[in-house]
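Student:
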Amino acid sequence: MAVAARKAGRAASGAANKTNPSKNPVKKAPPNTPQFDKTQDLDAYREMLLIRRFEEKSGQMYGMGLIGGFCHLYIGQEAVVVGMQMATKDGDKVITGYRDHGHMLACGMDPKGVMAELTGRRGGLSKGKGGSMHMFSKEKHFYGGHGIVGAQVSLGTGIAFANRYRDDNTVCLTYFGDGAANQGQVYESFNMAELWKLPVVYVIENNRYAMGTSVNRASAQTDFSKRGVSFNIPGEQVDGMDVRAVHEAGLRAIEHARSGKGPYILEMLTYRYRGHSMSDPAKYRTKDEVTRMREEFDPIEQVRRRLLESWKLSEDELKAIDSKVREIVNEAAEFATHDPEPDASELYTDILLPTS
Amino acid sequence: MAIDILMPALSPTMEQGKLAKWLKKEGDKVKPGDVLAEIETDKATMEVEAIDEGVLAKILVGDGTDNVAVNTPIAVLAGEGEDASTVQASAPAPAPAPAQAAPTPDAQAEGLADRPAPDGRSGTDQMPRAEPAAPAVISNRTTHDAMAEIPEGTEMVTMTVREALRDAMAEEMRRDPDVFVMGEEVAEYQGAYKVTQGLLQEFGPRRVIDTPITEHGFAGVGVGAAYTGLKPVVEFMTFNFAMQAIDHIVNSAAKTLYMSGGQLGSPIVFRGPNGAAARVGAQHSQDYAAWYSSLPGLKVVVPYSASDAKGLLKSAIRDPNPVVFLENEILYGQSFPVPKLDDFLVPIGKARIHREGKDVTIVSYGMGMTYALKAAQELEKEGIDAEVVDLRTIRPMDTDTLVASVMKTGRCVTVDEGFPQSGVGAEIATRIMEHAFDYLDAPVARVTGKDVPMPYAANLEKLALPSVAEVVQAAKAVCYR
Ligand SMILES: Cc1ncc(C[n+]2csc(CCOP(=O)(O)OP(=O)(O)O)c2C)c(N)n1
Ligand SMILES: [Mg+2]
Numbered sequence: 000m001a002v003a004a005r006k007a008g009r010a011a012s013g014a015a016n017k018t019n020p021s022k023n024p025v026k027k028a029p030p031n032t033p034q035f036d037k038t039q040d041l042d043a044y045r046e047m048l049l050i051r052r053f054e055e056k057s058g059q060m061y062g063m064g065l066i067g068g069f070c071h072l073y074i075g076q077e078a079v080v081v082g083m084q085m086a087t088k089d090g091d092k093v094i095t096g097y098r099d100h101g102h103m104l105a106c107g108m109d110p111k112g113v114m115a116e117l118t119g120r121r122g123g124l125s126k127g128k129g130g131s132m133h134m135f136s137k138e139k140h141f142y143g144g145h146g147i148v149g150a151q152v153s154l155g156t157g158i159a160f161a162n163r164y165r166d167d168n169t170v171c172l173t174y175f176g177d178g179a180a181n182q183g184q185v186y187e188s189f190n191m192a193e194l195w196k197l198p199v200v201y202v203i204e205n206n207r208y209a210m211g212t213s214v215n216r217a218s219a220q221t222d223f224s225k226r227g228v229s230f231n232i233p234g235e236q237v238d239g240m241d242v243r244a245v246h247e248a249g250l251r252a253i254e255h256a257r258s259g260k261g262p263y264i265l266e267m268l269t270y271r272y273r274g275h276s277m278s279d280p281a282k283y284r285t286k287d288e289v290t291r292m293r294e295e296f297d298p299i300e301q302v303r304r305r306l307l308e309s310w311k312l313s314e315d316e317l318k319a320i321d322s323k324v325r326e327i328v329n330e331a332a333e334f335a336t337h338d339p340e341p342d343a344s345e346l347y348t349d350i351l352l353p354t355s
Numbered sequence: 000m001a002i003d004i005l006m007p008a009l010s011p012t013m014e015q016g017k018l019a020k021w022l023k024k025e026g027d028k029v030k031p032g033d034v035l036a037e038i039e040t041d042k043a044t045m046e047v048e049a050i051d052e053g054v055l056a057k058i059l060v061g062d063g064t065d066n067v068a069v070n071t072p073i074a075v076l077a078g079e080g081e082d083a084s085t086v087q088a089s090a091p092a093p094a095p096a097p098a099q100a101a102p103t104p105d106a107q108a109e110g111l112a113d114r115p116a117p118d119g120r121s122g123t124d125q126m127p128r129a130e131p132a133a134p135a136v137i138s139n140r141t142t143h144d145a146m147a148e149i150p151e152g153t154e155m156v157t158m159t160v161r162e163a164l165r166d167a168m169a170e171e172m173r174r175d176p177d178v179f180v181m182g183e184e185v186a187e188y189q190g191a192y193k194v195t196q197g198l199l200q201e202f203g204p205r206r207v208i209d210t211p212i213t214e215h216g217f218a219g220v221g222v223g224a225a226y227t228g229l230k231p232v233v234e235f236m237t238f239n240f241a242m243q244a245i246d247h248i249v250n251s252a253a254k255t256l257y258m259s260g261g262q263l264g265s266p267i268v269f270r271g272p273n274g275a276a277a278r279v280g281a282q283h284s285q286d287y288a289a290w291y292s293s294l295p296g297l298k299v300v301v302p303y304s305a306s307d308a309k310g311l312l313k314s315a316i317r318d319p320n321p322v323v324f325l326e327n328e329i330l331y332g333q334s335f336p337v338p339k340l341d342d343f344l345v346p347i348g349k350a351r352i353h354r355e356g357k358d359v360t361i362v363s364y365g366m367g368m369t370y371a372l373k374a375a376q377e378l379e380k381e382g383i384d385a386e387v388v389d390l391r392t393i394r395p396m397d398t399d400t401l402v403a404s405v406m407k408t409g410r411c412v413t414v415d416e417g418f419p420q421s422g423v424g425a426e427i428a429t430r431i432m433e434h435a436f437d438y439l440d441a442p443v444a445r446v447t448g449k450d451v452p453m454p455y456a457a458n459l460e461k462l463a464l465p466s467v468a469e470v471v472q473a474a475k476a477v478c479y480r
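Going down the list, the sequences are from chains Y and H.
At position 78 of the first sequence the residue is numbered 77 (numbering that gives the first Met the number 0), and the sequence of numbers has no breaks.
At position 190 of the second sequence the residue is numbered 189 (numbering that gives the first Met the number 0), and the sequence of numbers has no breaks.
1. ARG98 (chain Y): beta carbon under 6 angstroms from a heavy atom of ligand 1?
2. Should ALA209 (chain Y) be listed as close to ligand 2, given that the test is whether its C-beta is under 6 angstroms from any heavy atom?
3. Please decide whether ASN206 (chain Y) counts as near chain H, where near means a Cβ-Cβ distance under 7 angstroms.
4. Flag MET258 (chain H) as yes if its beta-carbon sits less than 7 angstroms from any beta-carbon of chain Y, otherwise no.
5. For GLY110 (chain H), count the other beta carbons within 10 Å of its own beta carbon; 16 or more makes it buried, fewer makes it exposed. Which is it?
6. Who pairs with GLU326 (chain H) in a beta bridge, going by DSSP?
7. Going by alpha carbons, who is nearest to VAL402 (chain H) out of H:ILE393, H:GLY382 and H:GLU433?
8. By DSSP's criteria, ARG445 (chain H) is part of a beta bridge. Which residues make up the other side?
9. Looking only at C-alpha atoms, which of H:ALA186, H:GLY216 and H:THR210 sits nearest to GLY203 (chain H)?
10. Taking the alpha-carbon positions, what's the HIS143 (chain H) to ARG430 (chain H) distance?
11. With distances taken between CB atoms, is the gap from LEU297 (chain H) to PRO336 (chain H) smaller than 7 angstroms?
12. Can you tell me whether ASN206 (chain Y) sits near ligand 2, meaning its C-beta is under 6 angstroms from at least one heavy atom of the ligand?
13. Should ASP177 (chain Y) be listed as close to ligand 1, given that the test is whether its C-beta is under 6 angstroms from any heavy atom?
14. Please identify the residue among Y:THR32, Y:GLY157, Y:ILE74 and Y:HIS140 whose C-alpha is closest to the C-alpha of PRO262 (chain Y).
15. Just checking: is the beta-carbon of VAL222 (chain H) within a distance shorter than 7 angstroms of some beta-carbon in chain Y?
16. From which residue to which residue does the alpha helix (DSSP H) around MET103 (chain Y) run?
17. Under 9 angstroms Cβ-Cβ, which residues of chain Y neighbour PHE202 (chain H)?
18. Between which two residues does the alpha helix (DSSP H) carrying MET13 (chain H) extend?
19. Flag this pair as touching only if the stretch 211-231 of chain H and the stretch 176-190 of chain Y have three or more C-beta atom pairs under 8 angstroms; answer yes or no.
20. Let me know the secondary structure DSSP gives ARG165 (chain H) once reduced to three states.
21. Between which residues of its own chain and LEU340 (chain H) is the CB-CB distance below 7 angstroms, once the five residues before and five after are set aside?
22. Tell me whether VAL222 (chain H), by its Cβ, gets closer than 6 angstroms to a heavy atom of ligand 1.
23. Can you give the beta carbon distance from TYR366 (chain Y) to HIS246 (chain Y), rounded, assuming they're within the 8 angstroms contact cut?
24. Whole angstroms is fine: what's the gap from SER251 (chain H)'s alpha carbon to VAL220 (chain H)'s?
25. Tell me the DSSP secondary structure of GLN76 (chain Y) in three-state form.
26. Return the CA-CA distance between GLU116 (chain Y) and MET47 (chain Y), expressed in angstroms with no decimal places.
27. May I ask you to list the residues that DSSP assigns as paired with CYS171 (chain Y)?
28. Could you tell me which chain Y residues have their CB closer than 8 angstroms to the CB of HIS215 (chain H), listed as they occur along the chain?
29. Taking only three categories from DSSP, how would you classify LEU268 (chain Y)?
30. Compile a chain-ordered list of the residues in the stretch 3-20 of chain H whose CB is closer than 8 angstroms to at least one CB of chain Y.
31. Is SER309 (chain Y) buried or exposed, if buried means 16 or more other CB atoms sit within 10 Å of its CB?
32. Whole angstroms are fine: how far does the CA of ARG317 (chain H) sit from the CA of GLY422 (chain H)?
33. Would you say ALA361 (chain Y) faces chain H, with C-beta separation under 7 angstroms as the test?
34. Tell me the start and end of each unbroken beta strand (DSSP E) in the stretch 285-349 of chain H that is at least 3 residues and wholly inside, in chain order.
35. Provide the residue span of the alpha helix (DSSP H) that contains ALA332 (chain Y), from first to last.
36. What did DSSP end up calling PHE69 (chain Y) once you bin it into helix, strand or coil?
This is how it looks when you write it as structure tokens:
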């Protein structure tokens, strides 16, 4: 089983509504880009590679019919969640939408449990009852996994409300897409968050498309970092393909939120290589655009180059990391393939909690 | 080790496709992400991408081949250091995959081929499944004794429903620092209907929170806070405006416990006035009991009396599940005796026999009780002894008490202000039919709001709502009088 597959769809040349890849490209790291030390680069590399390989495996297992329904892969966007997680402290909370596998792995949730949930098995994080879009871990402070576009923004604001209510000095990272950023409840939440100075960082993952709709076809203001202006929420545009830039902006935003100054918006300029979900022929963008993003801006390749050139790691050392990651992913896939489906009696459990 | 490259499926329904073209040839080195081939289905063209590194040792299915079944090996990839020329296909191409649930090669390799393929998309008809445990709707018909909720000799004080609700919140806030109240005008203004009067003064702005007019947003904020274990009481100025927020009530609050495999509950109360007030027109006059009651994962409570309002709201706040608590603006100002007890709780899910009788059962809840009780008095004058059951909770519905009453009287009339189709009356009639059919001496009759948006004109509004006369008439009809 050596392939992942991807509906890429041949781009009909001259089709309307195509985004021009040279417009609003992800900026290459400027010379004053923050630097990582060797350990940070190694950590980032491992984490991002784990997500990449995990997602490739998911794609493959979907192709084999082991994963059902919708399956939204995070390939291309790895630097966003990995850089942000590197900027958090213990106890900080995370919530996101349905493109959530990467976030769960970055939060330290068990790859086996995640994969087994994708295959709908009893060992899945939600016992097979949630699926790809609905997973949670109280232990790892991961609050989902939500299938309704934009819902996580109000929910994340509520988690931040609870942080402040308890005065526990934690923040809530609330991730959502460029498409979700047009939902009304986002602005209801921005307003309350600033009004009540809630410790929340809104991370807008601008991967340029919401399903088949490019940002400029759906958004009057395409600079999402400005979406908080009328609420006085500061915002920044960040090169979301460079894990160092993400990390540095993350530190700044999290510190702002934690210190009681209220919410902060980070717009991550990023890109998804695969279709929106597995059954997306991706006819709305050119192949050249995808190829260019992969070849010039790949977040993992950037770190890999630094490991080889600046930190003088050998190819063999990198290979060792690769095989370790592959082993984790294969183990997860193996478990998720053979773990039994949930018992039929689970149909009627977890609907209500018992009252004391 | 040589690795088979399989024909992938890219959609839940894809069974086969055409191998249009190879972009790599035998002997080529490939690395993860390289596009190996293009395949076509009737819907789209797609690319087959390599996941592993190696050498494309052998192409098993050539350019332009039609009808290649999903999961058929299409090429072999030789690993590092392997001699590509000696690599053989590890398995012959299987016959085209059957329409559904073909055992995957992995399963075959593991000797698991006789296990049905775990394909959630293929329907479950061919899966041997244990009968799911039926939900225990009717146990052994032990009816709840609502009389015992208030110990004999308890001193009773008269208060309005409004005061009872406020006292319930205040008592629970004193008892548990995780309880807080949020909503429009709940704090400084003391409540749009003055239900939260005095709470800000006692508990301060940290726990009594005025929100902007953003129902969708603050309902989500409440649910998010509840995920972390806080116990929000979210007030909607009226439930008509909760339509803006229904997504969070349904999708974020009611379903998350299930979707998280039992990990993440939502201990939250959504409360506020529900149903018709008076002369406010269609957008401000709707009973949502039936809507919310159709949802597993929610509890739906609709009190009539002040003592039930108090005891049930306290139970709702303590409940670890999301509770929709439907009040009524007209009832807010009505006074009832309420027990003077330090901690008076009424259990959720238990109906109350409000008036005992032997000839006909009248079932209602909330505002509907006003028609039901007056009708019972009228009927008494005509020699019909009606039993009036106050449901108090719509979900979970106390079927045991209903059924026991109908087994006694043999006749049943339902009364509610909601729309008739798929309404609470329809649900009660179904349950009676399912569990007490043999005891019925007449078909169940429904008295409901009419099947029209609420009109504004005073006379039309009156016609659109149930009336005492309609309840009397329905009761007489089922008694064949
Ligand atoms: C309320 C709602 N409307 C529509 C959908 C269907 N839908 C799922 S994902 C999606 C696109 C969202 O795009 P974006 O926010 O940019 O996130 P991305 O998929 O790019 O990560 C849509 C329209 C939904 N799940 N929920
Ligand atoms: Mg997007």
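Ideal placement from N, C-alpha and C gives every residue a C-beta, glycine not left out.
Tutor: So, from the listed chains and residues:
1. On the first sequence, residue 98 (chain Y) is found 99 positions in, with the first residue counted as 1. Yes, Cβ of ARG98 (chain Y) sits closer than 6 angstroms to a heavy atom of ligand 1.
2. Counted from its first residue, the first sequence places residue 209 (chain Y) at position 210. Yes, Cβ of ALA209 (chain Y) sits closer than 6 angstroms to a heavy atom of ligand 2.
3. As a working mapping, residue 206 (chain Y) is identified with position 207 in the first sequence. No, no contact with chain H.
4. As a position in the second sequence, residue 258 (chain H) is number 259, starting the count at 1. Yes, MET258 (chain H) counts as interfacial toward chain Y.
5. Counted from its first residue, the second sequence places residue 110 (chain H) at position 111. In this prediction, GLY110 (chain H) scores a pLDDT of 30, lower than 50, which makes its location untrustworthy; no coordinate-derived value is stated.
6. One-based indexing of the second sequence puts residue 326 (chain H) at position 327. Residue pairing by DSSP puts GLU326 (chain H) in a beta bridge opposite H:PRO272.
7. Numbered from 1 along the second sequence, position 403 holds the residue referred to as residue 402 (chain H). Distance check between VAL402 (chain H) and each of H:ILE393, H:GLY382 and H:GLU433 places H:GLU433 closest, using alpha-carbon atoms only.
8. Mapped onto the second sequence, residue 445 (chain H) falls at position 446. In DSSP, ARG445 (chain H) forms a bridge with H:THR413.
9. Sequence index remark: in the second sequence, residue 203 (chain H) carries index 204 (1-based). Each of H:ALA186, H:GLY216 and H:THR210 was checked against the Cα of GLY203 (chain H), and the nearest Cα belongs to H:ALA186.
10. Along the second sequence, one-based indexing puts residue 143 (chain H) at 144. Along the second sequence, one-based indexing puts residue 430 (chain H) at 431. When rounded, the distance between both Cα atoms is 18 angstroms.
11. Within the second sequence, numbered from 1, the residue matching residue 297 (chain H) stands at position 298. Within the second sequence, numbered from 1, the residue matching residue 336 (chain H) stands at position 337. Against a cut-off of 7 angstroms, the Cβ pair of PRO336 (chain H) and LEU297 (chain H) comes out as no contact.
12. Counting from 1 along the first sequence, the entry for residue 206 (chain Y) is found at position 207. ASN206 (chain Y) Cβ: within cutoff of ligand 2.
13. Taking the first residue of the first sequence as 1, we reach residue 177 (chain Y) at position 178. Correct: ASP177 (chain Y) has its Cβ closer than 6 angstroms to ligand 1.
14. On the first sequence, position 263 is the one that residue 262 (chain Y) refers to. With distances taken between Cα atoms, PRO262 (chain Y) lies closest to Y:GLY157.
15. Here residue 222 (chain H) is taken as the residue at index 223 of the second sequence, counted from 1. With 7 angstroms as the cut-off, VAL222 (chain H) counts as an interface residue toward chain Y.
16. Taking the first sequence and counting its residues from 1, the one referred to as residue 103 (chain Y) is at position 104. Annotation for MET103 (chain Y): the continuous alpha helix (DSSP H) segment containing it runs 100-105.
17. Taking the second sequence and counting its residues from 1, the one referred to as residue 202 (chain H) is at position 203. The contacting residues do not exist; PHE202 (chain H) stays about 12 angstroms from chain Y at best.
18. Walking along the second sequence from the start, residue 13 (chain H) turns up at place 14. That residue, MET13 (chain H), is in no alpha helix (DSSP H); it is neither H nor E in DSSP.
19. With a cut-off of 8 angstroms, the stretch 176-190 of chain Y and the stretch 211-231 of chain H count as touching, because enough Cβ pairs lie within range.
20. The residue you call residue 165 (chain H) lines up with position 166 of the second sequence. DSSP places ARG165 (chain H) in helix when its eight states are reduced to three.
21. Here residue 340 (chain H) refers to the residue found at position 341 of the second sequence. These residues qualify, in order along the chain: THR153.
22. Counting from one through the second sequence, the residue named residue 222 (chain H) turns up at place 223. No, ligand 1 has no heavy atom inside 6 angstroms of this Cβ.
23. Coverage of chain Y is limited to positions 0 through 355, which leaves residue 366 (chain Y) absent and any answer about it impossible.
24. Against the second sequence, residue 251 (chain H) aligns to sequence position 252. Against the second sequence, residue 220 (chain H) aligns to sequence position 221. Approximately 11 angstroms, taken between the alpha carbons.
25. Here residue 76 (chain Y) refers to the residue found at position 77 when the first sequence is read from its first residue. Under the three-state reduction of DSSP output, GLN76 (chain Y) falls in the coil class, being neither helix nor strand.
26. Position 117 of the first sequence, counting from 1, holds the residue named residue 116 (chain Y). Position 48 of the first sequence, counting from 1, holds the residue named residue 47 (chain Y). Going by the C-alpha atoms only, they are around 21 angstroms apart.
27. Taking the first sequence and counting its residues from 1, one reaches residue 171 (chain Y) at position 172. When DSSP reads this structure, CYS171 (chain Y) sits in a beta bridge with Y:LYS92 and Y:VAL199.
28. Counted from its first residue, the second sequence places residue 215 (chain H) at position 216. The contacting residues are SER153, GLY183, GLN184 and GLU187.
29. Position 269 of the first sequence, counted from the first residue, corresponds to residue 268 (chain Y). LEU268 (chain Y): strand per DSSP, three-state reduction.
30. Along the stretch 3-20 of chain H, the positions whose C-beta sits under 8 angstroms from a C-beta of chain Y are ASP3, ILE4, LEU5, PRO7, ALA8, LEU9, SER10 and PRO11, read in chain order.
31. By 1-based counting over the first sequence, the position of residue 309 (chain Y) is 310. With fewer than 16 other CB atoms across the displayed protein chains lying within 10 angstroms of its CB, SER309 (chain Y) is exposed.
32. Within the second sequence, the letter at position 423 stands for residue 422 (chain H). Within the second sequence, the letter at position 318 stands for residue 317 (chain H). GLY422 (chain H) and ARG317 (chain H): Cα-Cα distance of roughly 28 angstroms.
33. This structure leaves residue 361 (chain Y) out entirely; chain Y is present only between 0 and 355.
34. Runs found: 298-300, 322-326 and 334-338.
35. What you label residue 332 (chain Y) is simply residue 333 of the first sequence in a count that begins at 1. Note, ALA332 (chain Y): alpha helix (DSSP H), 314-337.
36. The count along the first sequence starts at 1 and reaches residue 69 (chain Y) at position 70. Correct three-state label for PHE69 (chain Y): coil.
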